[in-house]
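So for the sequence shown, the working numbering puts the first residue at 45; every next one is plus one.
We treat Cβ as the ideally placed atom computed from N, Cα and C, and that holds for glycine.
First up is the structure itself, then whatever we jot down about it.
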Amino acid sequence: MGAISIQMAGNLWKIHVKAGDQIEKGQEVAILESMKMEIPIVADTAGKVREVKKNEGDFVDEGEVLIELDL
């Protein structure tokens, strides 16, 4: 099992994937809004989305798990 974590604190503006989706390394999976900037969150590994742990609009902190993956 793998995971995609949040790199910096901010509001989770948009999530591009859902449970069951197959994602590739480097694919944009979400957009974080921090300090009035849109920051893409990209997968650092390929896998199948097991669970999306956060919702659009949630405030998230650095290091929190956003997506759990089956590798």
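Going along the chain, which residues of its own chain have a beta-carbon closer than 8 Å to the beta-carbon of residue i, five neighbours each way excluded?
i: ASN55; result: LEU76, GLU77, SER78, GLY101, ASP102, PHE103 and VAL104
For residue i and residue j, what's the separation of their Cα atoms in angstroms?
i: LEU81; j: LEU113; result: The amino acid occupying residue 81 in the given sequence is Met; Leu does not appear at that position. For MET81 and LEU113, the distance between alpha carbons rounds to 27 Å.
i: GLU68; j: ASP88; result: 8 Å
i: ALA53; j: ALA90; result: 24 Å
Quick check on the burial criterion: 16 or more other C-beta atoms within 10 angstroms. Buried or exposed for residue i?
i: ALA63; result: exposed
i: GLY107; result: exposed
i: LEU110; result: buried
So residue i packs on residue j, CB below 8 Å; how close in whole Å?
i: ALA47; j: ILE59; result: Wrong, their Cβ atoms sit about 15 Å apart, outside the cutoff.
i: LYS92; j: GLN66; result: 5 Å
For residue i, which residues from the same chain have a beta carbon less than 7 Å from its beta carbon, with the 5 sequence-adjacent residues on both sides left out?
i: LYS98; result: LEU56, VAL104 and LEU110
Spatial neighbours of residue i within its chain, please: C-beta separation below 6 Å, excluding the five flanking residues on both sides.
i: LEU115; result: GLY46 and GLY91
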